[in-house]
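As you go down the protein sequences, you meet chains A and B in turn.
Numbers 1248 to 1382, taken from my numbering, label the letters of the first sequence in order.
Numbers 1248 to 1382, taken from my numbering, label the letters of the second sequence in order.
Beta carbons are placed, not taken as given, at the ideal position from N, Cα and C, and that holds for glycine.
There are 2 protein chains.
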Amino acid sequence: MALEIFGDRWSLLIVRDVMVRGYRTFQEFLQSGEGIASNVLAERLKRLRAAGILTAQRADGDGRKICYQLTQKGVDLAPAVLEIFLWSAKYEPTAAPPAVVERMAHNREQTLQEVRRRWAANDPTPVLPRFGAAR
Amino acid sequence: MALEIFGDRWSLLIVRDVMVRGYRTFQEFLQSGEGIASNVLAERLKRLRAAGILTAQRADGDGRKICYQLTQKGVDLAPAVLEIFLWSAKYEPTAAPPAVVERMAHNREQTLQEVRRRWAANDPTPVLPRFGAAR
DNA sequence: ACGGGTCACTTGCATTACGCAATCTATTTT
DNA sequence: AAAATAGATTGCGTAATGCAAGTGACCCGT
């Protein structure tokens, strides 16, 4: 059940960060406040690419940066990520404002549409603002 | 994002097994074909109970067996489990018949209702028959 | 009521994964 | 050219995992 890929503490978190927080680069993932180690991050990014969930390319304008993006397979995880987020919001203390959670819970399809739209448009604007999204 | 609880290879698999395959006992989990080790299984069951996702009680009729059940918090994971299952069915080889997957994808709410109904009625009949559910 | 089997774990131990800090190479900035 | 930055990689100690064997409680047929 996909747990060969997501059966660890970090993979889904990375997917979520690129999906709803608009993260693109190694540094952004590293400094996301979750505390992943750099070697583990490198290994997970490699694995997510191998699994066809992320793609990577050098950023134009800065040849050092590598720009990670979701594939179709990756963005198709949006419903799962959303449901996990909603469950977490219900049962765990979260920094996300209740109003935002409420809106996402009642407009799931609209929220997903928005995620897909931003993905298709390569729009890195966060779906969830900076308040810690889903801890 | 709940990954302190599910950030491992086995926890969600256990939840799925009790949720849709009707598993209740240690032996059933152990022999589910996934290959979890008994010490790890014991530890995960303990953790899921501590997290308030499972409860345990001795089976009436056999004082050796311990009957694990989902809590409300546990059954509320159904949407997330369903979405992960659908994603897996789409992108991984699965033993589940395409017709079944199709039906679940198009009748999500009905499928979830059925899971909740069986949970409320304490009905261990598998939602997914024996074909390997969601590998 | 005794012996064998079942059930839910535990224990011991080798292997693997992880967290952390330091280091490396390529590229960009000053 | 020198310093800084980005994306990793390496070394190492600790924690988690897999595997086989063992433990104690309980059931069942004789």
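Under the three-state DSSP convention, the category residue i falls into
i: A/Gln1304; result: strand
i: B/Tyr1315; result: strand
i: B/Gly1299; result: coil
i: A/Ala1367; result: helix
i: B/Leu1359; result: helix
i: A/Val1322; result: helix
i: A/Met1351; result: helix
i: A/Pro1345; result: helix
i: A/Pro1373; result: coil
i: A/Ala1386; result: Any answer about residue 1386 of chain A is impossible in this case: the structure gives chain A only from 1248 up to 1382.
i: B/Ala1249; result: coil
i: A/Gly1379; result: Low per-residue confidence applies at A/Gly1379: pLDDT is 47, beneath 50, and the placement is therefore not dependable, though the value from the model is reported in the following sentence. Reduced to three states, the DSSP call for A/Gly1379 is coil.
Cβ distance (whole Å) where residue i is taken to contact residue j below 8 Å
i: A/Leu1259; j: A/Val1347; result: Not a contact, Cβ separation roughly 20 Å.
i: B/Ala1336; j: B/Ala1325; result: Not a contact, Cβ separation roughly 16 Å.
i: B/Ala1249; j: A/Ile1331; result: 6 Å
i: B/Asp1255; j: A/Gly1269; result: Actually they do not touch by this definition, with Cβ atoms about 28 Å apart.
i: A/Leu1277; j: A/Leu1288; result: 6 Å
Selection from the options that minimises the alpha carbon distance to residue i
i: B/Gln1316; options: B/Glu1330, B/Glu1275, B/Gly1280; result: B/Glu1275
i: A/Trp1334; options: B/Ile1300, B/Ser1279, B/Ala1289; result: B/Ile1300
i: A/Gly1282; options: A/Ala1297, A/Gly1269, A/Leu1295, A/Ile1261; result: A/Ile1261
i: B/Ala1306; options: B/Lys1320, B/Glu1290, B/Ala1284, B/Thr1272; result: B/Thr1272
i: B/Val1322; options: B/Ala1368, B/His1353, B/Gly1280, B/Pro1344; result: B/Ala1368
i: A/Gln1360; options: A/Lys1312, A/Arg1296, A/Val1267; result: A/Val1267
i: B/Thr1372; options: B/Asp1264, B/Ala1352, B/Glu1330; result: B/Asp1264
i: A/Gly1280; options: A/Leu1295, A/Leu1292, A/Glu1251, A/Trp1257; result: A/Trp1257
i: B/Tyr1338; options: A/Gly1254, A/Val1287, A/Gly1269, A/Ala1298; result: A/Ala1298
i: B/Thr1341; options: B/Arg1294, B/Asn1286, B/Leu1375, B/Leu1277; result: B/Leu1375
i: A/Lys1312; options: A/Glu1290, A/Arg1363, A/Gln1304; result: A/Gln1304
i: B/Glu1292; options: B/Val1362, B/Arg1355, B/Thr1358, B/Cys1314; result: One point to set straight first is that residue 1292 of chain B is Leu, not Glu, in the sequence displayed. Closest by alpha carbon: B/Cys1314.
i: A/Arg1363; options: A/Gln1319, A/Glu1290, A/Pro1345; result: A/Gln1319
i: A/Ile1252; options: A/Gly1310, A/Glu1290, A/Arg1350; result: A/Glu1290
i: B/Trp1366; options: B/Ser1285, B/Thr1302, B/Ala1284; result: B/Thr1302
Beta-ladder partner(s) of residue i, from DSSP
i: B/Asp1309; result: B/Ala1306
Heavy atom of the ligand GTP within 6 Å of residue i beta-carbon
i: B/Val1287; result: This structure does not include the ligand GTP; it has no bound ligands of any sort.
At which residue ranges does the region 1255-1296 of chain A contain complete beta strand (DSSP E) runs of 3 or more residues, listed in the order of the chain? none
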